[in-house]
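Residue numbers (the numbering used here), protein chains in the order written: chain A, 326 to 641; chain B, 1325 to 1745.
Working notes, structure below.
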Amino acid sequence: MALPVYASPLEKLWHYAYLVLCALIFVFLIAPIIIIIPLSFNAEPYFTFTDKMLTFDPEGYSLRWYDKLITFGMAEPDAPRNMAFWLDFWHNATWMQVAKNSVIIGVCATVLSAGLGTVAALGLTRPEMPFRKQITAVLISPMIVPIIISATGMFFFYSGKWVPNVGPDGFEWGRLAGTYAGIILAHAALGIPFVIITVTATLSGFDQSLVRAAASLGANPRTAFFRVVMPLIMPGVISGGLFAFVTSFDEVVAVLFIADHTQQTIPRQMWNGIREQISPAILAVATLLVLLSISMLTVLELLRRRSERLRGMTPS
Amino acid sequence: MTDATLPTPSGPLTTADGRPLKAALAASLAVRRRRALMLVAPLFLFILISFIVPIGQMLFKSIYNDGFSKNAPALVQWFDEHPKGSEIDESAYAALRSDLILMREQKTAGEAGTRINYDISGTRSLFTGAARKAEKLEPPYKEAFIALDKDWGNPNVWRALRSAANPFTIDFYLAANDMTRDETGAITAVPKDQQVYKKLMGRTLMLSIEITALCLLLGFPIAHLLATLPMRKAMLLMIFVLLPFWTSLLVRTTSWMVLLQSQGVLNDVFVWLGVIGEDGRIQMIYNEMGTIIAMTHILLPFTILPLYSVMKTIPPSYVRAARSLGATSWTAFRRVYLPQTLPGVGAGGLLVFILAMGYYITPALVGGADGQMISNMIAFHMQKSLNWSLAAALAAQLLVVVLIFFWIYDKLVGIDKMKLG
């Protein structure tokens, strides 16, 4: 937005003040995320820049918190860094375990919510769909209901003994709380609104005459769906899935209520770390997570461009 | 093809196989409707069973608590037979004794006592203590019980027992609104210094309003800048909005803890600038201020994105036209631009308000004592005090507020117009 030539001095002043204000707000948005990256390399156990860090003295920086991240929970953290050490890391390191849990739970929950959500979105966008508004309201309610209420409701539901289970002592009724399946189902429910919203948005811009064109060229409904509709709505499905994955990957309250100690996730472990005694090792985790979200953002941007290109728009 | 070439129908229209057209169309519509419903059904059932029904069950606990009534069958029967106001005689104490013996066998004295304890604190031990000795008591039981603990003769305790004998109760809603029942059973407010929940609900509303206002105030200029800049620059700056949006909530909360600590970066900068002295470091976290700053930062993208998508659609020529007709830049903004942004302001503001009302993690981590919100109190009653019925009553009230605002959101914006990223 350029300043018009007829602007008065006062308007010019206001314009520059406005730009400065915007710059400050951008700093407010981004600084807290950027600042933890250098702090995670702090050689001292402080949460602020030491004098050595400020003078860029290499001694002020170290990888000790990343080292702590790796060795925390290992059987022999001081062993030489050979094959055995890394095997120990893979099997025993606390952060490795919680990362594995986060990925397993996140991927399963995403597949579940993206699959069910896409099918439901296909139905919801059909013009003959009855009760569309009411059903949509129910489907996106997990996003609106405060998480503490969802988590307590799920806690009672998943603690109930109603899952048929063949255990070592024969048949018994089991509960889903404290199992992977329980967390995955809970996270799938929380991720579904995001899939519904993104996929219906993609489908509402979908040109139905393409399906008719495919049919007129001899494709049966299944071929038309898999070869025409699917490729076109795929970007929407993937970005909805990404939202669902991030929701699960970042979720801590449901895990607090439903999971037991074997299903701890990254945010759950961070929650522990922050509540008990916060150490710069948390900042090392945070830095890694920021890098993860940067790569996620890149994927999303590439998808958006692809989606626009597929629809014949010039990517902006 | 024009109408003239079609044969003029005589009688009702029919399909090729002779069925009335209207019925055939209706049948085909019904088939398509069923197909659409079949697509949605699996997900709908999943959400219904694993989400809606559990929340319903949880909320049901706010009006139903059988902790006492199911463990004290004899007393429940006695209360049924003796209307309110009848004298607590020997038969009541005999019923009490038989119930306590039963509780002792089934190890449920604690559960029953907990239920009464919600009404009169300190009575849990009354039950667990008496259950241990009930079998050895000799008639007359009334004197024996009162000798055991004079609280057994307290009419208030017996009033609480009578009210708990009915599992359906509104007492938890009374408690959630800082109310209680006096000696006559009439509803009164609890003493001022013991009022917690109304204050907390007020603070939750107040904090949410403040955070929403701050988000709109900070989000408006940014959205305006992004909407008016050339596309390429705007996309570059958009990263500054989207990166926080995609970054883990716990990461962002941690960053604020690091920044705002009294030995943290921000205080260090202030000291270095000489704004404050070394001993005058500001406490910016573990209080209300910490909650407001961190939550504003976390929710800001939720205002910027809807505002931006509305502002994108406002043609810049409108403001130019207003200027050319003699409006000052302020008038053009106020009378032409601002009214067109209102849908975005409404959508962003309502969304942030709804999300802020139910926030739990950030207040729990950076809120300290006076930055807690109603969600934290629900979590406290769920995990620490284990008064699930009170937690459910608080949750129900929070849910009602959130749903009212969601309904307004639907009326103003439409839930099908909700967009992300």
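The beta carbon of each residue, even a glycine, is placed where N, CA and C say it ideally should be.
So what's R1605(B) in DSSP terms, helix, strand or just coil?
Looking up residue 1605(B) in the second sequence gives position 281. DSSP places R1605(B) in coil when its eight states are reduced to three.
Would the beta-carbon of M421(A) be found less than 7 Å away from any heavy atom of the ligand MG?
The ligand content of the structure shown is nil, which means the ligand MG is not present either.
Would you say T1504(B) lies against chain A (beta-carbon separation less than 8 Å)?
The sequence position of residue 1504(B) within the second sequence is 180, counting from 1. No, T1504(B) does not count as interfacial toward chain A.
In three-state DSSP terms, what is P329(A)?
One-based indexing of the first sequence puts residue 329(A) at position 4. Three-state DSSP puts P329(A) in coil, outside helix and strand.
Across which residues does DSSP place R1505(B) in a beta bridge pair?
Taking the first residue of the second sequence as 1, we reach residue 1505(B) at position 181. BP columns for R1505(B) point to I1511(B).
Looking only at its chain, what residues have a beta carbon closer than 6 Å to the beta carbon of W1476(B), apart from the 5 residues adjacent to it on each side?
Counting from 1 along the second sequence, the entry for residue 1476(B) is found at position 152. Cβ neighbours of W1476(B) beyond the five flanking positions: F1469, I1470.
So which of K1460(B), D1473(B), E1467(B), L1461(B) has the shortest CA-CA distance to F1746(B)?
Chain B is shown only over 1325 to 1745; residue 1746(B) falls outside these bounds and no answer can be derived.
Determine the burial state of L1363(B): buried for a count of at least 16 other Cβ atoms within 10 Å of its Cβ, exposed for fewer.
In the second sequence, counting from the first residue as 1, residue 1363(B) sits at position 39. L1363(B) comes out buried.
According to DSSP, is E633(A) part of a helix, a strand, or is it coil?
As a working mapping, residue 633(A) is identified with position 308 in the first sequence. Helix.
For W415(A), which residues from the same chain have a beta carbon less than 7 Å from its beta carbon, with the 5 sequence-adjacent residues on both sides left out?
One-based indexing of the first sequence puts residue 415(A) at position 90. So the qualifying residues of the chain are M421.
How many angstroms separate the CA atom of G369(A) from the CA atom of R630(A)?
Counted from its first residue, the first sequence places residue 369(A) at position 44. Counted from its first residue, the first sequence places residue 630(A) at position 305. At residue 369(A) the sequence reads Glu, which differs from the Gly that was named. Cα to Cα, E369(A) sits roughly 44 Å from R630(A).
For the region 1702 to 1718 of chain B and the region 1383 to 1400 of chain B, state whether three or more C-beta atom pairs, one from each stretch, are separated by less than 8 Å.
yes
Using a Cβ-Cβ cutoff of less than 8 Å, which residues in the same chain neighbour A424(A) once the five nearest sequence positions on both sides are dropped?
As a first step, residue 424(A) is located in the first sequence; it is residue number 99 there, counting from the start. The residues are I591.
Going by the beta-carbon positions, is the gap between V1726(B) and M1681(B) smaller than 8 Å?
Against the second sequence, residue 1726(B) aligns to sequence position 402. Against the second sequence, residue 1681(B) aligns to sequence position 357. Yes, the Cβ-Cβ distance between V1726(B) and M1681(B) is below 8 Å.
How big is the Cα-Cα spacing for H1621(B) and F1594(B)?
On the second sequence, residue 1621(B) is found 297 positions in, with the first residue counted as 1. On the second sequence, residue 1594(B) is found 270 positions in, with the first residue counted as 1. In a straight line, the C-alpha of H1621(B) is about 20 Å away from that of F1594(B).
If distances are taken between C-alpha atoms only, which option among Q1519(B), K1466(B), R1483(B), Q1401(B) comes closest to K1408(B)?
Indexing the second sequence from 1 puts residue 1408(B) at position 84. Considering only alpha carbons, the answer is R1483(B).
Please check if any C-beta of chain B sits within less than 8 Å of the C-beta of I472(A).
Start at 1 with the first residue of the first sequence, and residue 472(A) comes out as number 147. Closer than 8 Å: yes.
Are the C-beta of R451(A) and some C-beta of chain B separated by less than 8 Å?
The residue labelled residue 451(A) in the question sits at position 126 within the first sequence. Output row for R451(A): interface = yes.
Neighbour flag for I1685(B) against chain A, beta carbons, 8 Å:
Reading the second sequence from its first residue, position 361 is the one you call residue 1685(B). Closer than 8 Å to some Cβ of chain A, the Cβ of I1685(B) qualifies, so yes.
Residues that I575(A) contacts on chain B, provided the C-beta gap is smaller than 8 Å
As a position in the first sequence, residue 575(A) is number 250, starting the count at 1. It is worth fixing the name first, because residue 575(A) is Asp in this sequence and not Ile. Correct list: S1572, L1573, L1574.
Distance, Cα to Cα, T1652(B) vs T1571(B)?
Indexing the second sequence from 1 puts residue 1652(B) at position 328. Indexing the second sequence from 1 puts residue 1571(B) at position 247. So the two alpha carbons sit approximately 41 Å from each other.
Do you know offhand how far I469(A)'s Cα is from L567(A)'s?
The residue labelled residue 469(A) in the question sits at position 144 within the first sequence. The residue labelled residue 567(A) in the question sits at position 242 within the first sequence. When rounded, the distance between both Cα atoms is 19 Å.
Same chain, Cβ closer than 8 Å to R1659(B), neighbours up to 5 away in sequence not counted
One-based indexing of the second sequence puts residue 1659(B) at position 335. Closer than 8 Å at the Cβ level, and outside the excluded window around R1659(B), lie A1646, A1651.
Through-space distance from E1602(B) to I1546(B), alpha-carbon basis:
Translated into the one-based positions of the second sequence, residue 1546(B) becomes position 222. Translated into the one-based positions of the second sequence, residue 1602(B) becomes position 278. Using only the alpha carbons, I get a separation of about 35 Å.
Using 8 Å as the limit for Cβ to Cβ distance, is Q1664(B) near chain A?
Numbered from its first residue, the second sequence carries residue 1664(B) at position 340. Closer than 8 Å: no.
Consider the Cβ of L628(A): report whether some Cβ of chain B lies at a distance smaller than 8 Å.
Counted from its first residue, the first sequence places residue 628(A) at position 303. No, no contact with chain B.
For M1613(B) and L1399(B), what's the separation of their Cα atoms in angstroms?
As a position in the second sequence, residue 1613(B) is number 289, starting the count at 1. As a position in the second sequence, residue 1399(B) is number 75, starting the count at 1. Their Cα atoms are separated by approximately 52 Å.
Looking at F410(A): is its Cβ nearer than 8 Å to the Cβ of A418(A)?
As a first step, residue 410(A) must be located in the first sequence, where it is residue number 85. As a first step, residue 418(A) must be located in the first sequence, where it is residue number 93. Their beta carbons are not under 8 Å apart, which means F410(A) does not touch A418(A) by this criterion.
Any idea if N490(A) is buried or exposed, counting beta-carbon neighbours within 10 angstroms, 16 or more meaning buried?
Locating residue 490(A) in the first sequence gives position 165, counting from the first residue. Flag for N490(A) reads exposed.
Hey, how far is the Cα of I1606(B) from the Cα of S475(A)?
For the purposes of this step, residue 1606(B) is taken as residue 282 along the second sequence, with counting starting at 1. For the purposes of this step, residue 475(A) is taken as residue 150 along the first sequence, with counting starting at 1. Distance between the alpha carbons of I1606(B) and S475(A): 36 Å.
In the region 424 to 454 of chain A, which residues sit with their C-beta less than 8 Å from some C-beta in chain B, listed in chain order?
L441, G442, V444, A445, L447, G448, L449, R451, E453, M454
N426(A) by DSSP, collapsed to three states: which one?
The residue labelled residue 426(A) in the question sits at position 101 within the first sequence. Helix, per DSSP.
Terminal residues of the alpha helix (DSSP H) in which T1438(B) lies
Translated into positions along the second sequence, residue 1438(B) becomes position 114. Note, T1438(B): alpha helix (DSSP H), 1433 to 1443.
Straight-line gap, T1615(B) to I1609(B) (C-alpha atoms, nearest Å):
Counted from its first residue, the second sequence places residue 1615(B) at position 291. Counted from its first residue, the second sequence places residue 1609(B) at position 285. Each residue's alpha carbon lies about 8 Å from the other.
Could you give the DSSP three-state label for P1667(B): helix, strand or coil?
As a first step, residue 1667(B) must be located in the second sequence, where it is residue number 343. P1667(B) falls in the helix class under three-state DSSP.
When the cut-off is 8 Å and only beta carbons count, does Y386(A) lie next to chain B?
Translated into the one-based positions of the first sequence, residue 386(A) becomes position 61. Judged by the 8 Å Cβ criterion, Y386(A) is not in contact with chain B.
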